[in-house]
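Reading through the structure tokens given below for one structure.
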Amino acid sequence: MHLLSGDSTPAAAPLVDRFGRQVNYVRFSVTDRCDFRCVYCMSERMTFLPRARVLTLEELAALGRAFVELGVRKIRITGGEPLVRRNVLWLLRELGRLREHGLTELVLTTNGSQLERMAADLRDAGVARLNISLDSLDPARFQRITRVGRLDAVLRGIRAAQAAGFQRLKLNAVILKNRNHDEVVDLARFAIDNGLDISFIEEMPLGVIGDHDRAEAYYSSDAIRADLERVFALTPTTENTGGPSRYYRVAGVDSRIGFISPHSHNFCGDCNRVRVSVEGRLLLCLGQEHSVDLRHILRAYPGDRERLKRAIVAAMAIKPRGHDFRLGGQPVILRHMNHTGG
Ligand code: SAM
Ligand code: SF4
């Protein structure tokens with residue numbers, strides 16, 4: 118018998134916050150570790166958490182079950198780099214089984230470095246879609262941004278994901294002024310030529326990174342769109358994939374071009390998601406510290422799913438209206454993106 122078998126009664130009460138927003142999407146950061154050190158995500162020398170502070174795979178599976186019983190329909194597995202977590206396929210298979218209980222989308226965000234060897238297994242485990250980060254098509258620049266990553270491995274990973282049958286692969290590109298802002302047209306063209314969607318992301322001020330001044334490196338979504346519109350005819354769409362991207366279509370092609378714009382176009386009004394940090398903190402907002410310690414409940418009351426669910430429902434009362442990102446000065450949020458689960 119597998120871990121998630123048993124009673125599957127869906128909860129009547131969905132997760133709704135004080136502002137009437139329904140939460141039906143959760144992201145799990147399954148590890149703080151990573152084989153890259155992207156300059157916007159981590160500092161060069163990172164200290165990673167001791168294993169005992171990180172949720173076990175069994176704890177993550179139990180959390181997934183609780184969320185789905187509370188009406189969550191989409192789970193995104195992220196990190197850190199989720200594919201460097203040992204036995205992550207076991208977790209994905211367990212979560213994949215939650216489709217029997219109402220989960221409609223199990224998706225994953227990856228830097229692509231491990232996809233060449235893992236793409237087919239991810240499909241088999243029940244992962245429906247992948248987001249793959251790609252900030253540059255120039256090998257030297259790619260390495261400067263990721264500090265240690267190899268572009269060729271990621272490109273092979275993208276091809277492996279396509280060969281494994283993944284549809285609607287999406288690229289994520291964080292755009293920084295004077296680092297890669299001049300590549301937005303090339304990145305969009307690469308997406309279009311390869312039948313991929315792409316989202317351009319404004320950098321968010323999470324954690325102290327040391328590499329650059331975030332205000333100086335800011336390159337707005339509007340500036341990116343203006344650069345793209347010199348080459349492509351973009352038409353806004355109302356398509357919504359359940360995330361924060363605002364999408365545009367390019368005439369005559371299947372690819373969608375999205376913009377995630379925490380600074381220039383606040384997306385909090387229709388927020389439908391929460392996150393679980395690598396240490397099991399239920400984070401009610403990416404850009405605020407309001408949280409509930411679910412690891413404590415998992416460890417103090419093992420197997421008590423009803424207590425876990427009550428804590429998740431109660432947490433809706435402290436979901437804040439929105440983030441409070443500022444570009445200048447020190448970041449207000451000291452946790453890094455790899456803990457948070459981007
Ligand atoms: N390692 C995986 C990856 O890179 O795709 C998953 C985790 S990563 C934290 C998830 C996404 O967050 C990536 O697309 C990454 O580019 C983005 N990201 C990381 N730090 C960010 C920041 N400070 N601002 C905006 N996006 C960020
Ligand atoms: Fe690793 Fe992803 Fe952060 Fe880059 S963005 S350092 S790949 S977790």
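If you read the sequence shown in the numbering used here, its first letter stands for residue 118, the second for the next number, and so on.
Think of the CB as a built atom: it goes at the ideal place given N, C-alpha and C, for glycine as much as any other residue.
Distance cut-off 7 Å: residue i Cβ against heavy atoms of ligand 2
i, result
"asparagine 297", "no"
"threonine 164", "no"
"asparagine 141", "no"
"glutamate 198", "yes"
"asparagine 455", "yes"
"arginine 258", "no"
"asparagine 228", "yes"
"arginine 193", "no"
6 Å Cβ shell around residue i - same chain, five flanking residues per side excluded
i, result
"arginine 264", "Arg154"
"methionine 118", "The predicted position of methionine 118 is uncertain, since its pLDDT is 34 and thus under 50; a value taken from the coordinates is nonetheless stated next. Nothing meets the Cβ criterion."
"glycine 243", "Gly213 and Leu223"
"leucine 415", "Glu176"
"phenylalanine 384", "Pro361"
"glutamine 231", "Leu200"
"leucine 533", "Any question about residue 533 goes unanswered here, given that the chain covers just 118 to 459."
Residue i: CB within 7 Å of a non-hydrogen atom of ligand 1
i, result
"serine 394", "no"
"tyrosine 157", "yes"
"serine 250", "yes"
"methionine 235", "no"
Supposed contact pair residue j and residue i - C-beta distance, whole angstroms, cut 8 Å
i, j, result
"arginine 342", "phenylalanine 376", "7 Å"
"histidine 407", "serine 146", "Not a contact, Cβ separation roughly 17 Å."
"leucine 313", "leucine 286", "5 Å"
"glycine 397", "arginine 412", "3 Å"
"leucine 220", "proline 131", "So it is not a contact: roughly 14 Å between Cβ atoms."
Same chain, Cβ closer than 7 Å to residue i, five either side skipped, listed in chain order
i, result
"arginine 273", "Glu233"
"leucine 174", "Asn204, Trp207 and Leu208"
"leucine 215", "Leu121, Gly181, Arg182 and Val185"
"alanine 490", "Absent from the structure is residue 490, since the part of the chain shown begins at 118 and ends at 459."
"glutamine 115", "Because the chain is modelled from 118 through 459, residue 115 falls outside the range shown and cannot be assessed."
"tyrosine 336", "Ile292, Leu293, Lys294 and His298"
N-terminal and C-terminal residue of the alpha helix (DSSP H) that residue i is part of
i, result
"glycine 274", "268-280"
"arginine 234", "232-242"
"valine 291", "Unbroken run through valine 291 is the beta strand (DSSP E), 287-292; no alpha helix (DSSP H)."
"phenylalanine 184", "174-186"
"glutamate 213", "Checking the sequence, you will find glycine at residue 213 rather than glutamate. Taken as a continuous stretch (DSSP letters only), the alpha helix (DSSP H) holding glycine 213 covers 205-213."
With 16 other Cβ atoms within 10 Å as the buried cut-off, status of residue i
i, result
"valine 205", "buried"
"arginine 162", "exposed"
"phenylalanine 136", "exposed"
"asparagine 297", "buried"
"alanine 278", "buried"
"proline 199", "buried"
"arginine 386", "In the sequence as displayed, the identity of residue 386 is glycine instead of arginine. Looking at its Cβ environment, which holds fewer than 16 other Cβ atoms inside 10 Å, glycine 386 is exposed."
"leucine 251", "buried"
Run of the beta strand (DSSP E) containing residue i, from where it starts to where it stops
i, result
"proline 353", "351-353"
C-beta neighbour in chain D for residue i, strict 8 Å
i, result
"valine 409", "Any reference to chain D falls outside this structure, which holds one protein chain only."
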